[in-house]
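Student:
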Ligand SMILES: *[C@@H]1O[C@H](CO)[C@@H](O)[C@H](O)[C@H]1NC(C)=O
């Protein structure tokens, strides 16, 4: 672990971390916030780094009136983004009034107790812990890592938007099949534990609605190499679906709502 502040935070008891709602400090917000994006390859610049794909974080700025800084990195889970000190890096630059979007899930599956890949979270939605069979480290749940990350940001006076992961290609079989992975609901669980000043948007649902409307061939055309990473066009569309979800308060209001361009596109 690179950052002592991260270790110090991890010393909080798990229960305390889960149970304490966010109390934002009384800091004057900035007039013009910066939006920071934390996520994986589906959000990151150049997507899967295969020359064909891109992440939606590269396109969200087109639909906002404020600056967007894309801190997403391919291959990361909530756990590995935490363990590498990347949430801490963002917290170090966040100012009061800024907005942090956190979206993980694609790399969070599997078990840390069976051939741990350094990314799998401990199963469960609360205070469960596991021991990595690879490193012996204590591994926490997805909800735990997200709550820790949100608290780092809100302690700096930022607001946090917890966004559910994008779907894979929902027309892969030729018919439309949409079944949200468990991490979609986990983001909502984390938001409920944190309360006010942390918001939830179901990006999965927004993109799922969009794919249903686009249909089979148009959706398949957005996936050049695999069923997870989209073309730049697909990434732009995912950003537009996110924008629409924010603009229409799909799962309630968020702190991003005031910073969407007027007349944003309707994609679902
Ligand atoms: C978000 O809101 C939409 C629209 O009401 C709903 O379909 C979806 O299930 C919600 N997401 C969650 C995780 O509750």
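Numbering (the working numbering), first residue to last: 17 to 284.
Even glycine gets a Cβ: it sits at the ideal position worked out from N, Cα and C.
(1) With a CB to CB cut of under 6 Å and the five nearest residues on each side skipped, what residues in its chain are close to residue 60?
(2) With a threshold of 7 Å on Cβ separation, who are the neighbours of residue 202 within its own chain once the five nearest residues in sequence on each side are excluded?
(3) Mapping the DSSP letters down to three states, classify residue 179 as helix, strand or coil.
(4) Let me confirm a value: residue 190 is counted as buried when at least 16 other C-beta atoms fall within 10 Å, else exposed. Which label applies?
(5) Tell me whether the beta-carbon of residue 102 lies closer than 9 Å to the beta-carbon of residue 120.
(6) DSSP three-state label for residue 283, please.
(7) Give me the residue from 145, 104, 222, 240 with the minimum Cα distance to residue 283.
(8) For ligand 1, is there any heavy atom lying closer than 8 Å to the beta carbon of residue 201?
(9) Would you kindly work out how many angstroms separate the C-alpha atoms of residue 281 and residue 256, rounded to a whole number?
(10) Report yes if the C-beta distance between residue 128 and residue 149 is below 9 Å; otherwise report no.
(11) Are there three or more Cβ pairs, one per stretch, closer than 8 Å when the segment 251–266 is compared with the segment 61–80?
(12) Quick check: what's the CA-CA separation for residue 96 versus residue 199?
(13) Under the three-state reduction of DSSP, which class applies to residue 157: helix, strand or coil?
(14) What does DSSP give as the partner residues of residue 83 in its beta bridges?
(15) Please determine whether the Cβ atom of residue 221 lies at a distance below 8 Å from any heavy atom of ligand 1.
(16) Which residue or residues does DSSP assign as beta-bridge partners of residue 276?
(17) Three-state secondary structure (DSSP) at residue 101?
(18) Looking at the structure shown, is residue 200 part of a helix, part of a strand, or coil, going by DSSP?
(19) Rounded to the nearest angstrom, what separates residue 224 and residue 235 at their Cα positions?
(20) Please confirm if residue 92 has its CB atom under 9 Å from at least one CB of chain B.
(21) Compare the beta carbon distance of residue 196 and residue 227 with 9 Å and say whether it is the shorter of the two.
(22) Determine the closest residue to residue 233 out of 276, 186, 270, 217, with distance taken between C-alpha atoms.
(23) Per the contact definition of three or more C-beta pairs closer than 8 Å, is the segment 107–122 in contact with the segment 160–180?
Tutor: Let me spell this out:
(1) 71, 88, 89, 90
(2) 141, 158, 159
(3) strand
(4) exposed
(5) no
(6) coil
(7) 222
(8) yes
(9) 6 Å
(10) yes
(11) yes
(12) 15 Å
(13) strand
(14) 50
(15) yes
(16) 80
(17) coil
(18) helix
(19) 10 Å
(20) Here chain B cannot be found, since the structure has a single protein chain.
(21) no
(22) 186
(23) yes
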